[in-house]
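Peer 1:
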Ligand SMILES: Nc1ncnc2c1ncn2[C@@H]1O[C@H](COP(=O)(O)OP(=O)(O)OP(=O)(O)O)[C@@H](O)[C@H]1O
Ligand SMILES: Nc1ncnc2c1ncn2[C@@H]1O[C@H](COP(=O)(O)OP(=O)(O)OP(=O)(O)O)[C@@H](O)[C@H]1O
Ligand SMILES: [Mg+2]
Ligand SMILES: [Mg+2]
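Chains as they are written, first to last, in the numbering used here: chain A, 23 to 257; chain B, 3 to 230; chain C, 3 to 230; chain D, 8 to 307.
Put into structure tokens, the structure is as follows:
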């Protein structure tokens with residue numbers, strides 16, 4: 023699964039991995055904004071961004087071909103739109119969409135591949151995303167694997183006792199969803215109990231204090247400068 | 003005697019790169035019982051999940067009762083192999099205990115009445131018939147385990163694979179499970195950290211270590227050798 | 003010696019009408035360790051959940067260290083009682099092992115640095131300090147259990163309540179847990195079906211049956227009497 | 008349904024982000040105020056449940072299968088405010104971890120699914136007092152609203168699309184919406200059987216919220232239709248209606264011309280406009296969170 027690979031990569035210790043997550047989020051947004059307004063005619067700028075992103079990936083000691091491939095998950099969807107543009111008589115728009123969405127996905131993959139999940143959440147919080155939302159995201163991610171595994175195991179258990187899961191009809195499937203829900207609900211209660219037992223009263227403390235260093239400032243300006251300059255200079 | 007399980011050069015790498023199995027060869031004859039021992043994380047559960055095709059080998063082959071474990075054979079294979087999962091929460095997926103245990107008989111084409119009867123018989127074997135209409139997630143941990151075992155017994159498999167079946171069972175439950183299992187004629191693979199239980203059921207064990215079989219032989223000898 | 007736990011006439015009925023506890027009286031002195039034995043579904047876990055107010059008695063009273071377990075006292079009570087849950091997945095909810103273990107010290111108002119130090123000490127006790135920065139969901143079942151125990155140790159409770167702490171641990175893991183627990187000075191309530199483990203830690207046991215305490219006395223005597 | 012980055016024009020993503028960010032900040036505050044601290048783990052786990060439930064395949068006849076989207080179900084279970092936050096957490100996680108939907112487009116996706124989709128689902132649920140019809144319509148309208156919004160945003164952004172595709176899309180939306188309605192109903196019925204009382208009974212106040220929510224949805228979607236600067240696909244539609252010109256000049260407000268005219272280079276202008284948009288959103292959110300913090304301190 024995708025998250026497993028991203029998580030593995032995010033445990034690296036390169037220069038990029040060590041940057042403050044808020045700095046990385048900022049740089050990501052600047053890249054995305056620059057990329058999102060690329061025109062079909064601006065092939066050179068697109069190539070420049072591609073080179074910079076690839077160089078960042080290799081500087082972060084990530085397996086570049088697999089990172090490029092990971093970003094390519096957005097391409098099938100983009101292909102559909104490219105085809106539609108083609109039939110609508112605007113093929114260059116379709117190409118532009120494919121390039122933009124792939125470069126954007128590449129940017130996001132790089133952010134995730136160099137930022138561990140707890141750091142990312144800390145970064146979001148540092149950027150004043152509502153704490154409440156961030157904490158819901160924290161729990162969502164924490165129990166995503168557990169529940170996906172449970173759902174998968176339930177499917178497997180059905181399969182291992184029944185031959186084929188597809189023999190489940192509509193009502194059985196909804197019963198399974200119901201059971202999954204009841205168990206998720208039960209689990210949420212159990213988690214809340216465990217938290218309460220350990221002193222939780224509505225506030226989750228964080229102690230990973232991340233500090234912005236000079237390197238982070240250099241990192242932001244070193245990347246934002248060229249990215250914007252290229253948008254200005256290249257036709 | 004016919005060979006029930008034949009595993010050759012089995013390797014498995016999890017998505018995140020963990021090499022859980024690194025070349026496992028394993029055989030089991032009809033009617034035999036073997037205990038799988040080994041430290042936490044040595045690959046026992048991963049191995050068990052391969053036996054009815056829930057995981058696809060990264061490399062290597064598996065045959066059950068002479069039948070290769072491949073996509074095309076899965077529905078046959080799954081009727082032959084009964085797997086009790088390590089976590090019974092993952093195994094119980096129907097809204098009531100009775101429906102859950104009757105699931106396998108139902109899908110194998112038995113009538114609802116016959117299935118329910120079969121399920122009740124299995125529930126009686128694990129002393130859980132009095133909770134037939136309860137929701138599985140309202141049971142205590144040990145009660146869940148009993149129901150999970152009943153679900154497998156009701157499906158009449160050729161081979162039983164039990165992944166830590168004694169967890170959460172009370173001592174009489176453990177003993178009666180041992181008695182019950184020892185009376186079943188099927189071949190059994192028993193993954194457990196509970197040495198007295200293993201000794202009650204079999205003399206023969208296999209020791210897993212780092213995704214490989216580090217030894218096979220009498221339970222006592224292996225236990226002494228690995229300081230278990 | 004001061005009395006740590008005092009339970010009187012405790013009754014509890016689950017929402018679906020199951021009478022899980024039917025009049026339980028129980029006492030525990032400081033520094034004492036007692037094993038809770040009893041069949042599956044006899045109410046041990048339900049009892050444990052009452053000790054720090056996670057369930058509200060249908061009837062009866064509970065005092066911890068002289069303090070009644072009522073809404074107003076809960077935050078104090080919870081600092082006194084450390085509960086290790088049956089399922090460690092429910093217990094570990096923070097993004098990293100260190101943060102999880104430091105949760106209780108942090109919420110009790112300690113500074114981040116002091117909390118982290120305290121957490122590291124607890125992790126060292128269970129030999130998990132080398133995995134402090136890992137995500138809890140990347141740990142093996144046994145490692146999760148150790149971290150869950152560390153999280154409780156870090157909160158310096160007066161009373162430890164452990165609900166089947168040896169499940170999924172391999173035999174060496176079980177032995178080192180027994181050693182660790184036997185060295186801790188706190189009062190301990192030990193819910194377990196693992197008799198050798200119970201014997202390693204205490205001589206005193208209580209036997210639950212049908213939501214009542216059916217006997218209290220030396221482990222061996224109870225085991226013999228209830229054919230355990 | 009999840010719009011990736013690279014599709015939306017600067018104007019569209021800036022505006023949707025501008026609507027979504029403060030909207031979510033407000034809803035987060037409302038959801039937080041309404042429940043006790045039980046809520047955080049519950050909402051997180053419910054988000055994970057929707058993820059996991061999407062793994063359950065429902066045979067939709069003729070060999071194909073479908074899965075639940077979940078916005079309507081969540082709004083029936085948790086109420087609209089909490090459901091919006093859970094959907095937002097789901098969308099953000101999907102965008103970040105699975106590259107399903109873009110980051111700049113997150114505002115648009117949140118608006119379509121987590122705000123409009125959730126409220127459009129809650130309205131019929133509240134109106135029919137939680138009956139079966141209400142549950143079906145909840146799923147139906149939730150998906151329909153989200154899909155139509157996504158499509159119009161793409162069209163406004165100038166994504167080229169052959170006119171024939173439009174009617175095909177609408178037919179496809181109708182089918183998916185009907186399936187989502189059926190799934191929402193089936194799963195909700197199963198839930199009620201397994202855990203009676205888990206669906207939230209719609210309250211009187213909730214109805215007012217739902218109505219105003221839907222009104223906001225309709226108004227703002229209409230607004231976008233007219234704010235469109237390159238309405239390729241919708242062009243013909245709007246022209247036929249003969250209102251396009253009038254309204255465009257009407258809405259030509261200072262902000263409509265936000266492309267920072269002082270910057271000569273038009274391409275840079277777009278980037279600068281984007282950055283400015285982000286700054287405005289950021290400032291707005293800060294202001295709101297300040298305000299929230301202030302009221303909470305007063306309340307305490
Ligand atoms: N879903 C997974 N993703 C990645 N790695 C996994 C996964 N499940 C297990 N592993 C890893 O694979 C290895 C073998 O795990 P397995 O569950 O087979 O061990 P086990 O022998 O059954 O241990 P235990 O006695 O604790 O049940 C371990 O290192 C474990 O961390
Ligand atoms: N959430 C629940 N809803 C309804 N009934 C429950 C619930 N949890 C437990 N019970 C019932 O309450 C009784 C006591 O359960 P409890 O979990 O306390 O048993 P236990 O002694 O811990 O058993 P075990 O040794 O199997 O863990 C059982 O009959 C069980 O079926
Ligand atoms: Mg295992
Ligand atoms: Mg219990």
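Each residue gets a CB set at the ideal place from its N, CA and C atoms; glycine is no exception.
Is any heavy atom of ligand 5 found at a distance shorter than 8 Å from the C-beta of residue 61 of chain D?
Peer 2: For ligand 5, the structure offers nothing, since it holds only ligand 1, ligand 2, ligand 3 and ligand 4.
Peer 1: Look up residue 170 of chain B in the DSSP assignment and say whether it is helix, strand or coil.
Peer 2: Of the three classes helix, strand and coil, the one that applies to residue 170 of chain B here is coil, per DSSP.
Peer 1: In its own chain, which residues sit with a C-beta less than 7 Å from the C-beta of residue 186 of chain A, not counting the 5 before and 5 after it?
Peer 2: Residue placement at residue 186 of chain A is flagged as unreliable, the pLDDT there being 49, under the threshold of 50; the coordinate-derived value follows with that caveat. Cβ neighbours of residue 186 of chain A beyond the five flanking positions: none.
Peer 1: For my contact list, residue 128 of chain B and residue 151 of chain B are in at a C-beta cut-off of 8 Å; report their separation, rounded to the angstrom.
Peer 2: Confirmed, Cβ separation roughly 6 Å.
Peer 1: If we count Cβ pairs, one from each stretch, closer than 8 Å, do we get three or more for the stretch 43 to 54 of chain C versus the stretch 69 to 87 of chain C?
Peer 2: Enough Cβ pairs lie closer than 8 Å, so yes.
Peer 1: Under the three-state reduction of DSSP, which class applies to residue 13 of chain B: helix, strand or coil?
Peer 2: Residue 13 of chain B falls in the strand class under three-state DSSP.
Peer 1: What is the DSSP secondary structure of residue 207 of chain B, reduced to helix, strand or coil?
Peer 2: Three-state DSSP puts residue 207 of chain B in a strand.
Peer 1: For residue 1 of chain C, decide whether its Cβ has a neighbour in chain B, counting only Cβ atoms nearer than 9 Å.
Peer 2: This structure leaves residue 1 of chain C out entirely; chain C is present only between 3 and 230.
Peer 1: Mind checking whether the beta-carbon of residue 42 of chain B lies closer than 8 Å to any heavy atom of ligand 2?
Peer 2: Checking the Cβ of residue 42 of chain B against ligand 2 gives no.
Peer 1: Output the distance between the C-alpha atoms of residue 83 of chain D and residue 15 of chain C, rounded to the nearest integer angstrom.
Peer 2: In a straight line, the C-alpha of residue 83 of chain D is about 29 Å away from that of residue 15 of chain C.
Peer 1: Give me the residue from A:228, A:161, A:82, A:212 with the minimum Cα distance to residue 36 of chain A.
Peer 2: Looking at the Cα atoms, A:82 is the closest of the given residues.
Peer 1: What I want to know is whether the C-beta of residue 207 of chain C ends up closer than 8 Å to one or more non-hydrogen atoms of ligand 3.
Peer 2: Outside the cutoff, so no.
Peer 1: Counting only Cβ pairs nearer than 9 Å, list the residues of chain C close to residue 197 of chain B.
Peer 2: Within 9 Å Cβ-Cβ: 173.
Peer 1: Checking contacts by CB at 9 Å: is residue 213 of chain C closer than that to chain B?
Peer 2: Judged by the 9 Å Cβ criterion, residue 213 of chain C is not in contact with chain B.
Peer 1: Return the Cβ separation of residue 12 of chain C and residue 62 of chain C in integer angstroms, given the expectation that the two are a contact with Cβ distance under 8 Å.
Peer 2: The Cβ separation is near 4 Å, so the contact holds.
Peer 1: With a threshold of 8 Å, establish whether the CB of residue 31 of chain A neighbours any heavy atom of ligand 1.
Peer 2: Not under cutoff, so the answer is no.
Peer 1: Any idea what DSSP makes of residue 149 of chain A, helix, strand or coil?
Peer 2: In this structure, residue 149 of chain A counts as coil in the three-state DSSP scheme.
Peer 1: Looking at residue 90 of chain C and ligand 2, is the gap between the Cβ and the nearest heavy atom below 8 Å?
Peer 2: Checking the Cβ of residue 90 of chain C against ligand 2 gives no.
Peer 1: Does the beta carbon of residue 92 of chain A sit closer than 9 Å to a beta carbon anywhere in chain D?
Peer 2: Closer than 9 Å: yes.
Peer 1: In chain C, which residues lie with their C-beta within 8 Å of the C-beta of residue 221 of chain A?
Peer 2: Here the neighbours are 77, 80, 81, 105, 106, 109, 110, 157.
Peer 1: Could you pull out every unbroken alpha helix (DSSP H) segment of at least 4 residues lying fully inside the stretch 82 to 126 of chain D, listed in chain order?
Peer 2: Qualifying alpha helix (DSSP H) stretches, in chain order: 87 to 105, 113 to 116.
Peer 1: List the residues of chain A that residue 91 of chain B touches, going by C-beta distances under 8 Å, in chain order.
Peer 2: Those are 172, 205, listed as they occur along chain A.
Peer 1: I think residue 196 of chain A touches residue 52 of chain D, with their Cβ atoms under 8 Å apart; what is that distance to the nearest whole Å?
Peer 2: That belief does not hold up - the Cβ atoms of residue 196 of chain A and residue 52 of chain D are roughly 20 Å apart, past 8 Å.
Peer 1: So that I know if they touch, is there some Cβ in chain C lying closer than 9 Å to that of residue 163 of chain A?
Peer 2: Residue 163 of chain A counts as touching chain C.
Peer 1: Leaving out the 5 sequence neighbours to the left and right, which residues in its chain are closer than 6 Å to residue 124 of chain B when beta-carbon positions are compared?
Peer 2: These residues qualify, in order along the chain: 103, 152, 155, 156.
Peer 1: For the beta strand (DSSP E) containing residue 73 of chain B, name the first residue and the last one.
Peer 2: Premise fails: residue 73 of chain B is in no beta strand (DSSP E) and is neither H nor E.
Peer 1: Can you find a CB in chain A that lies within less than 9 Å of the CB of residue 101 of chain C?
Peer 2: Yes, residue 101 of chain C lies at the interface with chain A (some Cβ there is under 9 Å from its Cβ).
Peer 1: Does chain B have any CB closer than 9 Å to the CB of residue 166 of chain C?
Peer 2: Closer than 9 Å: yes.
Peer 1: Give every residue of the same chain whose Cβ lies closer than 7 Å to the Cβ of residue 97 of chain B, excluding the five residues on either side of it in the sequence, and list them in chain order.
Peer 2: If we look at residue 97 of chain B and ignore the five residues flanking it on each side, its Cβ neighbours are 137.
Peer 1: Is there a Cβ of chain A sitting closer than 9 Å to that of residue 140 of chain D, yes or no?
Peer 2: With 9 Å as the cut-off, residue 140 of chain D does not count as an interface residue toward chain A.
Peer 1: Under 8 Å: do the stretch 31 to 44 of chain C and the stretch 214 to 226 of chain B share three or more Cβ pairs, one atom per stretch?
Peer 2: Segments in contact, no.
Peer 1: Helix, strand or coil for residue 86 of chain B, going by three-state DSSP, please let me know.
Peer 2: Looking at residue 86 of chain B - three-state DSSP - the assignment turns out to be strand.
Peer 1: Residues in the stretch 92 to 109 of chain A with C-beta within 9 Å of chain B's C-beta atoms, listed in sequence order?
Peer 2: Within the stretch 92 to 109 of chain A, no residue qualifies.
Peer 1: Can you name the residues of chain G whose CB is closer than 9 Å to the CB of residue 97 of chain B?
Peer 2: The structure shown has no chain G; the protein chains it does contain are A, B, C and D.
Peer 1: Is it buried or exposed for residue 240 of chain A, if we count other Cβ within 10 angstroms and need 16 for buried?
Peer 2: It counts as exposed.
Peer 1: Does any heavy atom of ligand 4 sit closer than 8 Å to the C-beta of residue 46 of chain C?
Peer 2: At least one heavy atom of ligand 4 is nearer than 8 Å to the Cβ of residue 46 of chain C, so yes.
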